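Asker: Take a look at this one; I'll ask things after.
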Amino acid sequence: MSDLKPGLSIKSTDLLNGSFFEHTTILIVEHNQEGSIGFVTNKPLGKSLHELVEFNHSKPFPLMDGGPVDREHLFVLHKRPDLIEGGKQIPNGLYLSGNMEQVIEAINTKGANQQEIQLFIGYCGWDLGELEAEVEEGSWIIG
Numbered sequence: 437m438s439d440l441k442p443g444l445s446i447k448s449t450d451l452l453n454g455s456f457f458e459h460t461t462i463l464i465v466e467h468n469q470e471g472s473i474g475f476v477t478n479k480p481l482g483k484s485l486h487e488l489v490e491f492n493h494s495k496p497f498p499l500m501d502g503g504p505v506d507r508e509h510l511f512v513l514h515k516r517p518d519l520i521e522g523g524k525q526i527p528n529g530l531y532l533s534g535n536m537e538q539v540i541e542a543i544n545t546k547g548a549n550q551q552e553i554q555l556f557i558g559y560c561g562w563d564l565g566e567l568e569a570e571v572e573e574g575s576w577i578i579g
């Protein structure tokens, strides 16, 4: 199934009820020969950036629960390549990652908001063919 590609969203179905993915929408940011990576876009973490020790000097800025993988790191999606260098462009005017010092500066001094920058703890990852199989079995709906 080649319908999956960066920039698409997938929504969980009732087959995933009772799991981390219950009622989630995930934005796919990578889909290639190694597998797929995405972020849950509708699940606030309930914590703010300034609550993390290494960012306690920052303004309060909401964190999202990006997924169950690598919950020790902060990940960034943004729409501000004019303020943040080094991001990888994905469809829909979004950029993945970038210079973290510039991300924090954009939040603290440039007035960037959640519509321009999203910060995630963790991500969602699938090995090659795994996400396609989950879509085929009906766990996810594309779109």
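Here the sequence shown stands for residues 437 to 579, where the numbers follow my numbering. Glycine is no exception: its CB is placed at the ideal position from the N, C-alpha and C atoms. These numbers were taken from a predicted model, which means no experiment stands behind them.
In its own chain, which residues sit with a C-beta less than 8 angstroms from the C-beta of Phe475, not counting the 5 before and 5 after it?
Answerer: Counting only Cβ-Cβ distances below 8 angstroms, and skipping sequence neighbours, we find Ile462, Leu463, Val465, Met500, Gly502, Gly503, Phe511, Leu513, Gln554, Phe556, Tyr559, Cys560.
Asker: Where DSSP assigns a beta bridge to Ser448, which residues make up the other side?
Answerer: Per DSSP, Trp576.
Asker: With a threshold of 6 angstroms on Cβ separation, who are the neighbours of Asp563 within its own chain once the five nearest residues in sequence on each side are excluded?
Answerer: Around Asp563, the same chain offers Gly471 as residues with beta carbons nearer than 6 angstroms, after the five sequence neighbours per side are excluded.
Asker: Hey, Phe497 and Leu481 are a contact pair by Cβ (cut 8 angstroms); roughly how many whole angstroms apart?
Answerer: In this structure, Phe497 and Leu481 do not form a Cβ contact; the two beta carbons are roughly 11 angstroms apart against a cut-off of 8 angstroms.
Asker: Please check if any C-beta of chain C sits within less than 9 angstroms of the C-beta of Ser533.
Answerer: The displayed structure is made up of one protein chain only, and chain C is not part of it.
Asker: Do you know offhand how far Phe491's Cα is from Asn468's?
Answerer: 33 angstroms
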